[in-house]
Amino acid sequence: MSSDEPQIKYQEVSPFQISEGFTPTRSHKMEPVKTGRIFMAAVAANLSAFAVGTCLGWTSPIAPKLKSDDTSDSPLDHKIDSTDDAWIASIVALGALVAPFVAGPLADKIGRKWVLLSSSIFFVVAYVLMMVAGEVWVLLLARLIQGFGVGFVMTVQPMYVGEIATDSVRGATGSLMQLFIVSGILYVYAIGPYVSYQALQWCCLVVPIVFDVIFFFMPESPYYFAGKGRKTDALKSLQFLRGQSAEAVQDEMATIQAVVEESMANKGSMVDIIKNPGNRKALIISAGLIAFQQLSGINVVLFNSQSIFESANTGLDPAIATIIVGAVQVGSSGLTPIIADRLGRKVILLTSAAVMSIGLAALGAFFYIKLVVGDTSNVLWLPVPALVVYNIVYCVGFGPLPWAVLGEMFPSNVKSIASSMVASTCWILGFFVTYFYPALDAMGSYYAFWLFAIFCVVAFFFTLFVVMETKGLSLQEIQDRLNGKRVSYAAGPLAGAIGRKLVLLSSSVLLIVSFIILMIAPEVWVIVLARALQGFAAGFVMAVQPMYLSEISTDEIRGATGSLMQLFIVIGVLYAYAIGPYVSYQALQWFCLAVPIVFAATFIFMPESPYYYITKGRQEEASKALQFLRGQSEEAINETLVSIENFILETSQLKGSVLDIFKLAGNRKAFIISAFLLAFQQLSGNTAVLFNTQTIFASANTEVDAAIGAIIIGIVQVVASGLTPFIVDRLGRKIILLTCSAIMSIALFALGAYFYFELNGQDTSNITWLPLTSLVIYMITYSVSFGPLPWVIMAEIFPANVKAVASSLATSICLLTGFIISYFFPLLNNIGTFYIFWLFATSCLIAFFFILFVVFETKGLSLQKIQNKLNKKDLN
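See below:
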């Protein structure tokens, strides 16, 4: 829009009204956008992801205590069996599976901010239950409640972050979630082993409380305010987020209003996601990325890191190992926000998938050598490096980016529904992966790792051929690529109803409740319930957080912000890794409980997504949110606001539903890209690695203590995940995904080979270095690519009218894949570790070709351009 263009006056439209109309004008005196405010709000919102990380990493330090004959530091008077263990680890996914469909609509109704704040309730209640748990069923209940909180956060937080960010920083803000998740994991990893069970619950309980306290002061999404007709609130939110005057944000406010009006004029539904080509494309991309995120085996590694190190007999204290792993996750996740908007989502995802497959293959090889060959004296070093590499690449790529993509892909009228669908898909897969992992592990851990390696290969090709690059693209441009015209999105039904911010905040409630339940759980089913609630909360976060981050970020940094989720997830995992082994069961619950509290306390002060405000007709609030996020005056953000309004206005003219996703070519492309990337993320084997880090180290007979090994892996994941935000918007999504998927495949094949030699009695004395090296390489590449990038792409690939439905569907696919992998991993592992690693290596290889031929680069593209590219059938 040039300065000589006529002013545009938007009239009041249904279903939301704009009091006295809204007149966007281009500012004559440009004010720079203060991106620092956008990141402040994104970081505050991601404290909820930190809470999610505590839930994901909770089982690593707690599982050994629950399975120990000595019940002095267990809430139960008896040790749990394998079935109870599987349910405690996987039930979070069930809670997260259901949560997105509540969080999405709720975010549209009460705002993103309030939903996120309310998520803390689940976390608080869960940790309280964990404190008083005396039976397994109480722990299950607490974990289920945590799942609800996780679902709330994962669904709404991406929406909020995506709506408050400018196009230039949306990638960076969107990728913050992974950083905070791994930070939360590290939090548990570092505290859990050194404090009592009760103490850990208190430590965790603090997190959601702190989150609420901090996030309470953050603004609601301008898009939400705009969608509710709260013009003043939207403008104030945009002003705060952009750090600009009301005049400076007029253009951006007008854009938000236009996008919201168009999006709201066409009520989105699941049918609209399938019917609209652009929505289908967005759903496929988002769901695919989320699915592969779970199929990479990350949940298995996260939930069983300490056990993996113990089984590996590395000689490293399992507690220390998990802390190291968590630290690695935090460090690597911190990279994503920096590279996401520089390298692009696709390149990072490709690299992540490739390297993860390699890391998983190496782990599979190590366990094969141990279980089949027998002599692992020469490869005792392999598990740790393999886990570290795997965690690094996951945290940089498939950890945060699938959520970042989810937050960018869908238009406002279907964003809530789509994000809920995608998030639910993610957790369904996560549940299956986690639940069936023990069965696969009993068959042979190498089978599980090789299976995840194969999934990583598949994820590589999915990213290569289906996922498009959204780097540098505005949400409108992404919709243009998906549909060939200007459209917008809002993520998750709840996020679309109450705003991304509130849905993300509400996820803390689920996490809090789940940890409370875990504290008091007297039976396994209670723990399962608590885990389900955690899954619910995770579903909220995974579905909404990418939306929020993508909507608050600029095109230049959307990849970086979108990849932050992976960084925070691995930080959360490392949090649990570092704490769990050293504290009592109850103590760990407290430590985890603190995370959603901190998130809610922090994110409550962050602004709502400007896109959400616009969809609600709250122009003033959208303007204020945009001003805060951009650090600009109202005048300076006027152009951006107008762009958002136009984006939402055009999108609202299209009905968004599940059918629209598959009906329109652009939507189908987006859904294929998102769904497959998320599926390959899960199929990369990351879940198996994360859930069983300590077990892997212990089984590998390395000199590193299992707990210490898990901590090391967590650190690697954090560090690697931290790289994604720095490179995603520089290298591009596709390049990173391609590179990492190839490397992951190699690493997983190497792991599989090692375990094959070991289990068949061959001399592995000369390759004792292989498992650890392969694992480290895998984790690094996964954390950089397939960990974060599938989410980043999902957040930017769907148009507004089907984004909610498409994102939700893609996330659901991801979670379903993750669940299946987690559940069956033990069974596959019994067959042979090397089979699992080779399976995952094959998956990573398939993912490579998928990314190569299907996924197109979104680096530098606005959300509108992404939609144009999708609908013009330009996926390269």
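The letter at position 645 of the sequence shown is residue 892 when you use the working numbering, and the numbering goes up by one with no holes. C-beta: ideal position from N, C-alpha, C; glycine also. Note that the coordinates shown come from a computational prediction; the quantities given were computed from them, not determined experimentally.
- Secondary structure remark: continuous alpha helix (DSSP H) runs of at least 4 residues inside the region 948 to 1029, in chain order: 953 to 968, 971 to 978 and 980 to 1006.
- For Ala777, the pairing in a beta bridge is given by DSSP as Arg390.
- Distance between Tyr471 and Lys326, taken at the CA atoms: about 48 Å.
- Closest in C-alpha terms to Gly611, from the list Ser753, Ser692 and Pro649, comes Ser692.
- Annotation for Lys871: the continuous alpha helix (DSSP H) segment containing it runs Gln866 to Arg877.
- Look at the beta carbons and you see the region 611 to 620 touching the region 682 to 701: at least three pairs across the two are nearer than 8 Å.
- Taking C-beta atoms as the reference points, Leu873 and Leu888 count as a pair closer than 7 Å.
- A residue is called buried when at least 16 other Cβ atoms come within 10 angstroms of its Cβ; Asp324 does not meet this threshold and is exposed.
- With the rule of 3 Cβ pairs closer than 8 Å, the region 829 to 848 counts as touching the region 437 to 457.
- The three-state reading of DSSP puts Phe463 in coil, since its state is none of H, G, I, E or B.
- DSSP places Asp588 outside both helix and strand once states are collapsed to three, so it counts as coil.
- In the displayed model, Glu882 falls within a strand according to three-state DSSP.
- Between Ile570 and Tyr858, the C-beta gap is not smaller than 7 Å, which leaves the two residues out of contact.
- Counting every other CB atom within 10 Å of its CB across the protein chains shown gives Asn1013 a total below 16, marking it as exposed.
- Taken through DSSP and simplified to helix, strand or coil, Pro630 comes out as helix.
- Per DSSP, Tyr441 lies in no alpha helix (DSSP H) segment and is marked neither H nor E.
- Ranking Val442, Ala665 and Met656 by CA distance to the CA of Ile520 puts Ala665 first.
- For Trp837, the enclosing alpha helix (DSSP H) begins and ends at Tyr832 to Phe850.
- Inter-segment contact for the region 1028 to 1042 and the region 635 to 645 is present: three or more beta-carbon pairs are separated by less than 8 Å.
- When Cβ pairs closer than 8 Å are counted between the two stretches, the region 340 to 350 is seen not to touch the region 652 to 662, the count staying below three.
- In terms of CA proximity to Leu1099, Lys981 leads the group Lys981, Pro524, Ser307 and Lys617.
- Secondary structure note for Glu1043: its alpha helix (DSSP H) is the uninterrupted segment Leu1036 to Ile1044.
- Apart from the 5 residues on each side of it in sequence, Cys451 sits with its Cβ closer than 6 Å to the Cβ of Thr301, Tyr374, Phe762, Gln836, Trp837, Phe838, Cys839, Leu840, Ala841 and Val842 in its chain, given in chain order.
- The criterion of a C-beta distance shorter than 7 Å is not satisfied by Ser580 and Gly878.
- For Leu888, DSSP records a beta bridge to Glu499.
- When DSSP states are grouped into helix, strand and coil, Ser800 belongs to the coil group.
- Taking every protein chain shown into account, the CB of Gly961 has 16 or more other CB atoms within 10 angstroms, so this residue is buried.
- When C-beta atoms of the region 498 to 508 are compared with those of the region 664 to 683, fewer than three pairs fall below 8 Å, so the two segments do not count as touching.
- For the 7 Å CB-CB criterion, Ile959 and Val602 do not form a contact.
- Under the DSSP assignment, Leu582 falls outside any alpha helix (DSSP H); it carries neither an H nor an E label.
- Of all C-beta pairs linking the region 676 to 685 to the region 524 to 535, fewer than three are shorter than 8 Å, placing the two stretches out of contact.
- DSSP places Ala296 inside the alpha helix (DSSP H), whose first and last residues are Thr282 to Gly304.
- Counting the other CB atoms within 10 Å of its CB gives Gly1008 a total below 16, which places it among the exposed residues.
- At the C-beta level, Phe699 and Tyr1070 stay beyond 7 Å of one another.
- CA-CA distance, Ser754 to Lys871, rounds to 24 Å.
- Contact between Ala310 and Ile764 does not hold, since their C-beta atoms are separated by about 17 Å, which reaches or exceeds 8 Å.
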